[in-house]
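Participant: Before I ask anything, here is the structure I am working with.
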Amino acid sequence: MKGLKTRGHRPFPWLQVILSFLYVAFLAGGIYFGYLFYATVREVVTQTQPTPPPKPSAVSEGEEMEWSEEVVVPPKWEKKERMNILLLGLDQREGEYGPWRTDTMIVVTIDPETKTAGMLSIPRDLWVPIPGYGENRINTANFFGDRDKYPGGGAALAKETVQYNLGVPIHRYVRANFRGFKEMIDAIGGITVDVEEPIRDDRYPDGDYGYKTIFIPAGRQHMDGETALQYVRTRYGGSDFARIRRQQKVLLAIRDKVLSLDILPTLSPNKLISLMKAMRDVVQTDLQPSEILTLAQIAVQIDQEDIKGRVIDETMTTPAIVANGADVLLPDREKIKEVVDELFFPPSQPDEEQLERVKRLAEEAAKIVVQNGTTRSKLAQETAAFLRRQGFQVVSYGDADRLDYPKTIIIDYSGKSYTIGLLAELFHVEAENVRRSPNSRSEIDIRIIIGENFDLPAR
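Residue numbers (our numbering): 11 to 469.
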């Protein structure tokens with residue numbers, strides 16, 4: 011970026027717009043993807059309507075990429091429900107012409123009601139079904155959509171692909187490339203990162219289809235734009251997950267620096283639209299200006315402890331080579347579902363009835379032992395964890411005296427009727443199987459022996 015200047019410590023208006031928009035990605039998401047947007051300092055938003063995707067027709071070097079005439083207008087956001095935004099980083103380089111695959115895919119989720127947020131990073135080599143195209147790496151969805159004039163372009167097909175595979179609605183997208191990263195880091199005065207171990211990369215791209223050697227020492231480092239770019243791009247450390255984790259650290263460093271500058275703008279929608287139009291050639295989004303302003307205002311109300319960041323990493327995937335010889339990551343959908351549920355479907359706030367139940371359970375404070383009377387592995391352990399989440403006080407668990415109980419039995423040692431009643435309802439225990447023990451000196455209050463008729467609830 012040429013001619014980048016600041017007046018004292020006060021950025022130009024276009025920089026204010028960028029920082030305002032980035033509050034959506036940083037303060038509301040806070041963990042991983044922000045560096046991508048600082049990597050696009052000149053590339054924030056397009057205009058009131060989203061810029062259409064490029065036509066997939068072939069172009070020769072030096073030609074301008076043409077634009078489709080189709081515009082997909084996003085539905086209205088009522089500013090109360092959760093919003094999920096797909097952030098796409100294009101693997102676009104100097105002198106190359108699209109369509110492009112995505113180098114980065116992150117879903118940001120923001121809940122205006124609970125003032126919570128999260129981010130889920132998706133590895134580019136994840137092998138998934140792409141609607142209408144069969145199985146492929148997830149980073150090809152944007153390429154296919156732009157190439158084949160998919161309605162709404164590559165971003166729309168990427169949204170549909172992520173929505174299909176994660177089972178969460180994707181409301182908006184932001185798509186950008188990596189240009190400008192160094193300039194933005196320099197514009198905010200650099201960042202400070204704690205480098206865990208020294209990094210030496212003898213095959214770092216030199217920008218001219220060759221390589222050079224870079225070295226970043228361990229310890230607390232103040233990084234300018236060039237060093238920060240090297241830190242997030244280097245392949246040092248093996249898998250792509252190591253690079254992802256370094257990018258997370260840079261995001262947090264950028265977030266800290268932006269917060270310290272205290273420059274969240276108070277822009278009017280008209281001023282924002284005017285400045286957005288001036289930069290419409292460099293980033294595509296279907297976020298509306300009013301949504302950006304609202305999300306930025308929500309973001310600053312979100313505390314650090316209410317921001318979650320997760321990565322679909324090596325614990326949720328298996329490396330594999332598919333029929334065409336490509337190295338890919340096969341998803342473990344059960345493990346991914348756990349993370350998706352945590353970020354996008356958190357348990358709702360308890361109502362008055364639930365609060366009353368927890369209060370009465372605490373008053374009785376019944377000590378409960380859970381025993382597995384079946385051959386199902388880990389059933390006692392999993393049931394104990396489930397009961398604790400419901401507010402019951404489980405003091406121990408293990409196997410019963412035998413493993414062939416057809417029905418669940420509750421043994422009552424202390425007459426704590428409220429807890430007994432809830433457990434009988436939860437375990438579907440008939441009255442004749444709730445048995446009063448004559449041992450009034452027992453150190454426990456209730457013993458549950460799980461029978462074959464019990465199915466542990468999913469949640």
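Using N, Cα and C, we set each Cβ at its ideal position, and we do this for glycine too.
On a Cα-Cα basis, can you pick out the residue from PHE153, THR328, ASP121, SER300 that is closest to TYR107?
Facilitator: What you label residue 107 is simply residue 97 of the sequence shown in a count that begins at 1. The shortest Cα separation from TYR107 among PHE153, THR328, ASP121, SER300 belongs to PHE153.
Participant: Where does VAL260 fall in DSSP's three states?
Facilitator: For the purposes of this step, residue 260 is identified with residue 250 of the sequence shown, where counting begins at 1. Of the three classes helix, strand and coil, the one that applies to VAL260 here is helix, per DSSP.
Participant: When you compare only the Cα positions, how much space is there between ILE254 and LEU436?
Facilitator: Against the sequence shown, residue 254 aligns to sequence position 244. Against the sequence shown, residue 436 aligns to sequence position 426. Distance between the alpha carbons of ILE254 and LEU436 is about 43 Å.
Participant: Please identify the residue among GLU145, ARG147, ALA376 whose C-alpha is closest to the C-alpha of SER452.
Facilitator: Translated into the one-based positions of the sequence shown, residue 452 becomes position 442. When each option's Cα is compared against that of SER452, the closest is ALA376.
Participant: Given a cut-off of 8 Å, decide if GLY383 and ARG461 are closer than it, judged by their beta-carbon atoms.
Facilitator: Residue numbering aside, residue 461 sits at position 451 when the sequence shown is read from its first letter. Residue numbering aside, residue 383 sits at position 373 when the sequence shown is read from its first letter. A small correction: the amino acid at residue 461 is Gly; Arg does not occupy that position in the sequence shown. It is a contact, given that the beta carbons lie within the stated cut-off.
Participant: Apart from the five residues just before and just after GLY128, which ones in its own chain have a Cβ nearer than 6 Å to its Cβ?
Facilitator: Your numbering for residue 128 matches position 118 in the sequence shown. THR119, LYS318, LEU353.
Participant: For PRO341, which beta-bridge partners are listed by DSSP?
Facilitator: Looking up residue 341 in the sequence shown gives position 331. Answer is THR327.
Participant: Going by the DSSP bridge assignment, what does GLU462 pair with across the sheet?
Facilitator: On the sequence shown, position 452 is the one that residue 462 refers to. Its beta-bridge partners do not exist; DSSP assigns none.
Participant: For ASP121 and ARG92, which I take to be in contact (beta-carbon distance under 8 Å), what is that distance rounded to the nearest angstrom?
Facilitator: By 1-based counting over the sequence shown, the position of residue 121 is 111. By 1-based counting over the sequence shown, the position of residue 92 is 82. That belief holds up - the Cβ atoms of ASP121 and ARG92 are roughly 5 Å apart, short of 8 Å.
Participant: Considering only their Cβ atoms, is the gap separating GLN403 from ARG457 smaller than 8 Å?
Facilitator: Within the sequence shown, numbered from 1, the residue matching residue 457 stands at position 447. Within the sequence shown, numbered from 1, the residue matching residue 403 stands at position 393. No, Cβ-Cβ distance for ARG457 and GLN403 is not below 8 Å.
Participant: Considering only DSSP beta bridges, list what PHE251 is partnered with.
Facilitator: Here residue 251 is taken as the residue at index 241 of the sequence shown, counted from 1. Bridge partners of PHE251: none, in fact.
Participant: With a 10 Å radius around its C-beta and 16 neighbouring C-beta atoms as the bar for buried, classify GLU170 as buried or exposed.
Facilitator: In the sequence shown, the residue the question calls residue 170 occupies position 160. The residue in question, GLU170, is buried, as its Cβ has 16 or more Cβ neighbours within 10 Å.
Participant: Pull up the distance between the alpha-carbon of LYS347 and that of SER450, whole angstroms please.
Facilitator: Reading the sequence shown from its first residue, position 337 is the one you call residue 347. Reading the sequence shown from its first residue, position 440 is the one you call residue 450. Their backbone Cα atoms lie some 45 Å apart in a straight line.
Participant: Can you tell me where the beta strand (DSSP E) holding LEU297 begins and where it ends?
Facilitator: Counting from one through the sequence shown, the residue named residue 297 turns up at place 287. No beta strand (DSSP E) contains LEU297, which DSSP labels as neither H nor E.
Participant: Give every residue of the same chain whose Cβ lies closer than 7 Å to the Cβ of GLU338, excluding the five residues on either side of it in the sequence, and list them in chain order.
Facilitator: Taking the sequence shown and counting its residues from 1, one reaches residue 338 at position 328. Note that residue 338 is Val in the sequence shown here, rather than Glu. ASP135, TRP137, ARG147, ALA330, VAL332.
Participant: Taking GLU392 as the reference, give the member of LEU97, TYR407, GLY401, LYS267 with the closest Cα.
Facilitator: For the purposes of this step, residue 392 is identified with residue 382 of the sequence shown, where counting begins at 1. Looking at the Cα atoms, TYR407 is the closest of the given residues.
Participant: Give me the DSSP bridge partner(s) of PHE225.
Facilitator: Here residue 225 corresponds to residue number 215 of the sequence shown, with the count starting at 1. BP columns for PHE225 point to ARG210.
Participant: Rank SER447, ASN94, VAL242, ALA186 by C-alpha distance to the C-alpha of ILE195 and give the top, closest one.
Facilitator: As a position in the sequence shown, residue 195 is number 185, starting the count at 1. Selected option, being the one with the closest Cα: VAL242.
Participant: Go through the stretch 378-460 residue by residue and report every complete run of the beta strand (DSSP E) that reaches 3 residues or more, in order.
Facilitator: If we require 3 residues or more, the beta strand (DSSP E) runs fully inside the stretch 378-460 come out as 403-409, 419-422, 444-446, 456-460.
Participant: For PRO416, which residues from the same chain have a beta carbon less than 7 Å from its beta carbon, with the 5 sequence-adjacent residues on both sides left out?
Facilitator: Counted from its first residue, the sequence shown places residue 416 at position 406. Same-chain partners within the cutoff: GLY461, GLU462, ASN463.
Participant: DSSP three-state label for ARG370, please.
Facilitator: Position 360 of the sequence shown, counting from 1, holds the residue named residue 370. Looking at ARG370 - three-state DSSP - the assignment turns out to be helix.
Participant: Is it the case that the Cβ atoms of ALA9 and LEU167 are separated by a distance below 8 Å?
Facilitator: In the structure as shown, the chain starts at 11 and stops at 469, and residue 9 therefore has no counterpart that could be examined.
Participant: Considering only the alpha carbon of each residue, which of ASP323, ARG343, ASP316 lies closest to PRO356?
Facilitator: For the purposes of this step, residue 356 is identified with residue 346 of the sequence shown, where counting begins at 1. The shortest Cα separation from PRO356 among ASP323, ARG343, ASP316 belongs to ASP316.
Participant: Closest to VAL205 by CA distance: which of ILE312, ILE198, PHE225 is it?
Facilitator: As a first step, residue 205 must be located in the sequence shown, where it is residue number 195. The shortest C-alpha separation from VAL205 is found at PHE225.
Participant: Can you grab the Cα-Cα spacing for the pair ILE421 / VAL405, in whole Å?
Facilitator: As a working note, residue 421 is residue 411 in the sequence shown. As a working note, residue 405 is residue 395 in the sequence shown. Straight-line Cα distance between these residues: approximately 15 Å.
Participant: When the distance is taken between beta carbons, is ASP342 closer than 8 Å to THR327?
Facilitator: Counting from one through the sequence shown, the residue named residue 327 turns up at place 317. Counting from one through the sequence shown, the residue named residue 342 turns up at place 332. Closer than 8 Å, so yes.
Participant: As a quick exercise: from ARG245, TYR221, PRO208, pick the residue whose alpha carbon is nearest that of GLN231.
Facilitator: Along the sequence shown, one-based indexing puts residue 231 at 221. Selected option, being the one with the closest Cα: PRO208.
Participant: With DSSP run on the structure shown, which of helix, strand or coil describes LYS318?
Facilitator: Against the sequence shown, residue 318 aligns to sequence position 308. LYS318: strand per DSSP, three-state reduction.
Participant: Could you give the first and the last residue of the continuous beta strand (DSSP E) run that contains ALA168?
Facilitator: Taking the first residue of the sequence shown as 1, we reach residue 168 at position 158. Where ALA168 is concerned, there is no enclosing beta strand (DSSP E), although the alpha helix (DSSP H) it sits in stretches over 163-176.
Participant: Taking the alpha-carbon positions, what's the GLY401 to TYR246 distance?
Facilitator: On the sequence shown, residue 401 is found 391 positions in, with the first residue counted as 1. On the sequence shown, residue 246 is found 236 positions in, with the first residue counted as 1. Each residue's Cα considered, the two are about 46 Å apart.
Participant: Following the continuous beta strand (DSSP E) through ASP204, name the residue where it begins and the one where it ends.
Facilitator: Your numbering for residue 204 matches position 194 in the sequence shown. Unbroken beta strand (DSSP E) run through ASP204: 201-205.
Participant: Give me, in chain order, the residues of the same chain whose beta-carbon lies closer than 8 Å to that of VAL349; leave out the 5 immediate sequence neighbours on both sides.
Facilitator: By one-based count along the sequence shown, residue 349 stands at place 339. Excluding residues within five positions, the ones whose Cβ falls inside 8 Å are LEU130, ARG320, ILE322, MET326.
Participant: Give the DSSP bridge partners of PRO94, in chain order.
Facilitator: On the sequence shown, residue 94 is found 84 positions in, with the first residue counted as 1. Reading off the sequence shown, one finds Asn at residue 94, where the question assumed Pro. Bridge partners of ASN94: THR119.
Participant: Is the distance from the Cβ of LEU371 to the Cβ of THR418 below 8 Å?
Facilitator: Here residue 371 is taken as the residue at index 361 of the sequence shown, counted from 1. Here residue 418 is taken as the residue at index 408 of the sequence shown, counted from 1. Going by C-beta atoms, LEU371 is not nearer than 8 Å to THR418.
Participant: Would you report the Cα separation of ASP113 and ASP101, rounded to the nearest angstrom?
Facilitator: Reading the sequence shown from its first residue, position 103 is the one you call residue 113. Reading the sequence shown from its first residue, position 91 is the one you call residue 101. For ASP113 and ASP101, the distance between alpha carbons rounds to 5 Å.
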